[in-house]
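Residue numbers (full-length UniProt numbering), protein chains in the order written: chain A, 1 to 202; chain B, 1 to 202.
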């Protein structure tokens, strides 16, 4: 079993942190996104949309999408749950995980892709859209700041996959100068605790 | 228990079809997106990002995001599974569900929002981005056509939430003239079967 990974990209980092939190050892194979190695015919057989990460099982079965890979390991190793146990916990975590992904992680990603031109060989960057996405991401930090006034973690009282997604998004946000503001004391407190976890180095 | 719903919008339709497939009765409260009723202070207390659908439990607890609402009912009523039972089934369905959402559903949504100006009172439409999103969506139909050559359903041999997401995306695609092509015989066969299911009328 192995995971096709890119050490510098924010999405595969989510899986690395998730597995570190679960205490699951993994073989990682580095794929160079800048060189487009993820778009090769071989990688396209593993994941039709040519994205990283991809989990490859020993029988050759492949699973793409960081959320799907995390779900696989959560189902296989339910101890130390990061996606909830009761129906309400599962749904609450899924809600925050999704909103943080749509409103923060993806907005920062769009801001980077559309303003930097990093992937301009394989997409059409539209700078104005990148700028609007960055503004949306910054605004959403206010939603999270408010959320953390009465909650220790994004989905409530327990550390979950939603915290991992937010942490990876905020760290990646630095490349487009999207940062937690000085007045966002709850986000700062939460971020510092995330950053102290050993998994943050995964 | 009730769901805040908008009968004409593609996202809440995913939940209605999911619940119809599970045989779960539900009270639906209509919210007018065009009038911005979803953005009212009251609705914002139910869902901080003001999106529909929202599930409200009898104790007032609210869950946003269609995926999270479906997960709640899947966990509560595991019979007739639509999100898989084994770790591999769960992960495979989650992978296709996610890719169909990112590469089709959301691209069609962006195409509609950025080219129609429907929500221009609450977002910045960028026509060029809308056009690019529509092209991405059309291209992804080729991925699904290929997928269905050897698979009856999107995630393999069983009907799942991934089929619901694809079906709602393709139906909504008509408003921006994104349609299954005449040469896409597998997608056509799959679509016709989806459309024959009683849940398609939910």
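In this text, a Cβ means the ideal position worked out from N, Cα and C, and glycines have one as well.
Restricting to Cα atoms, I'd like to know which of B:152, B:197, B:138, B:24 is closest to residue 74 of chain B.
Counting from one through the second chain, the residue named residue 74 of chain B turns up at place 74. Comparing Cα-Cα distances from residue 74 of chain B to each of B:152, B:197, B:138, B:24, the minimum goes to B:24.
If you compare alpha carbons, which of B:18, B:51, B:34, B:83 is closest to residue 4 of chain B?
Locating residue 4 of chain B in the second chain gives position 4, where the first residue counts as 1. Considering only alpha carbons, the answer is B:51.
Starting from residue 168 of chain A, trace the alpha helix (DSSP H) in both directions and tell me its first and last residue.
Stepping through the first chain from its first residue, residue 168 of chain A is reached at position 168. Note, residue 168 of chain A: alpha helix (DSSP H), 161 to 173.
Consider the Cβ of residue 185 of chain B: report whether some Cβ of chain A lies at a distance smaller than 7 Å.
The residue given as residue 185 of chain B occupies position 185 in the second chain. Output row for residue 185 of chain B: interface = no.
At which residues does the beta strand (DSSP E) containing residue 29 of chain B begin and terminate?
Translated into positions along the second chain, residue 29 of chain B becomes position 29. Counting along the chain, the beta strand (DSSP E) containing residue 29 of chain B begins and ends at 27 to 30.
For residue 111 of chain A, tell me which candidate among A:175, A:140, A:198, A:159 has the shortest Cα-Cα distance.
As a first step, residue 111 of chain A must be located in the first chain, where it is residue number 111. For the residues A:175, A:140, A:198, A:159, the minimum Cα distance to residue 111 of chain A belongs to A:175.
Put residue 51 of chain B into one of helix, strand or coil per three-state DSSP.
The sequence position of residue 51 of chain B within the second chain is 51, counting from 1. Note: residue 51 of chain B maps to coil in three-state DSSP.
Looking at the strands, I want to know which residues DSSP matches up with residue 153 of chain B.
Residue mapping note: residue 153 of chain B aligns to position 153 of the second chain, counting from 1. Its beta-bridge partners are B:156.
Note down, in chain order, every chain B residue with its Cβ under 9 Å from the Cβ of residue 128 of chain A.
Residue numbering aside, residue 128 of chain A sits at position 128 when the first chain is read from its first letter. The answer, in chain order, is 124, 126, 128, 129.
Run through the DSSP bridge pairs and tell me what residue 63 of chain A is partnered with.
For this step, residue 63 of chain A is matched to residue 63 along the first chain. Partner(s): A:55.
Which term fits residue 173 of chain B, buried or exposed, when burial requires 16 or more other beta carbons within 10 angstroms of its beta carbon?
Mapped onto the second chain, residue 173 of chain B falls at position 173. Counting Cβ neighbours within 10 Å, residue 173 of chain B comes out buried, since at least 16 surround it.
In angstroms with no decimal places, state the Cα-to-Cα distance between residue 106 of chain A and residue 89 of chain A.
In the first chain, the residue the question calls residue 106 of chain A occupies position 106. In the first chain, the residue the question calls residue 89 of chain A occupies position 89. Going by the C-alpha atoms only, they are around 24 Å apart.
If distances are taken between C-alpha atoms only, which option among B:6, B:134, B:135, B:125 comes closest to residue 29 of chain B?
Residue numbering aside, residue 29 of chain B sits at position 29 when the second chain is read from its first letter. Of the candidates B:6, B:134, B:135, B:125, the one whose C-alpha sits nearest the C-alpha of residue 29 of chain B is B:6.
Chain B partners of residue 143 of chain A, CB-CB under 9 Å?
Start at 1 with the first residue of the first chain, and residue 143 of chain A comes out as number 143. Those are 48, 49, listed as they occur along chain B.
Could one say the Cβ of residue 91 of chain A lies closer than 7 Å to chain B's Cβ atoms, at least one of them?
The sequence position of residue 91 of chain A within the first chain is 91, counting from 1. True, the Cβ-Cβ gap to chain B drops below 7 Å.
Among residues of its own chain, excluding the 5 on either side of residue 20 of chain A, which ones have a beta-carbon nearer than 6 Å to its beta-carbon?
Your numbering for residue 20 of chain A matches position 20 in the first chain. 199, 202.
Can you list the residues of chain B that residue 75 of chain A reaches, using a CB-CB cut of under 8 Å?
The sequence position of residue 75 of chain A within the first chain is 75, counting from 1. Here the neighbours are 86, 87, 90, 91.
For residue 100 of chain A, which residues does DSSP report across the bridge?
Position 100 of the first chain, counted from the first residue, corresponds to residue 100 of chain A. According to DSSP, which records beta bridges pairwise, residue 100 of chain A is partnered with nothing at all.
Cβ atoms of residue 155 of chain A and residue 91 of chain B: under 7 Å apart, would you say?
Taking the second chain and counting its residues from 1, the one referred to as residue 91 of chain B is at position 91. Taking the first chain and counting its residues from 1, the one referred to as residue 155 of chain A is at position 155. Cβ distance not < 7 Å, so residue 91 of chain B and residue 155 of chain A don't count as in contact.
Applying the 10 Å Cβ sphere with the 16-neighbour rule, what's the burial state of residue 35 of chain A?
To locate residue 35 of chain A, count along the first chain from 1; it is residue 35. Exposed.
With 7 Å as the threshold, decide whether the Cβ of residue 107 of chain B is near any Cβ in chain A.
Position 107 of the second chain holds residue 107 of chain B. It does not; no Cβ of chain A falls within 7 Å.
Quick one, which of B:130, B:122, B:85 has its alpha-carbon nearest residue 178 of chain B's?
As a first step, residue 178 of chain B is located in the second chain; it is residue number 178 there, counting from the start. Comparing Cα-Cα distances from residue 178 of chain B to each of B:130, B:122, B:85, the minimum goes to B:130.
Helix, strand or coil for residue 17 of chain B per DSSP?
Taking the first residue of the second chain as position 1, residue 17 of chain B is located at position 17. Residue 17 of chain B: helix per DSSP, three-state reduction.
Suppose you measure from the CA of residue 41 of chain A to the CA of residue 135 of chain B; what does that come to, to the nearest Å?
Residue mapping note: residue 41 of chain A aligns to position 41 of the first chain, counting from 1. Residue mapping note: residue 135 of chain B aligns to position 135 of the second chain, counting from 1. Between residue 41 of chain A and residue 135 of chain B, the C-alpha separation is close to 22 Å.
Mind listing the chain B neighbours of residue 98 of chain A? Cutoff is C-beta to C-beta under 7 Å, in chain order.
The residue you call residue 98 of chain A lines up with position 98 of the first chain. Near residue 98 of chain A (Cβ distances below 7 Å), the residues of chain B are 65, 67, 68.
Any beta carbon of chain A sitting closer than 7 Å to that of residue 33 of chain B?
Counted from its first residue, the second chain places residue 33 of chain B at position 33. Not one chain A Cβ lies under 7 Å of residue 33 of chain B.
In this structure, does DSSP put residue 24 of chain A in helix, strand or coil?
As a first step, residue 24 of chain A must be located in the first chain, where it is residue number 24. Coil.
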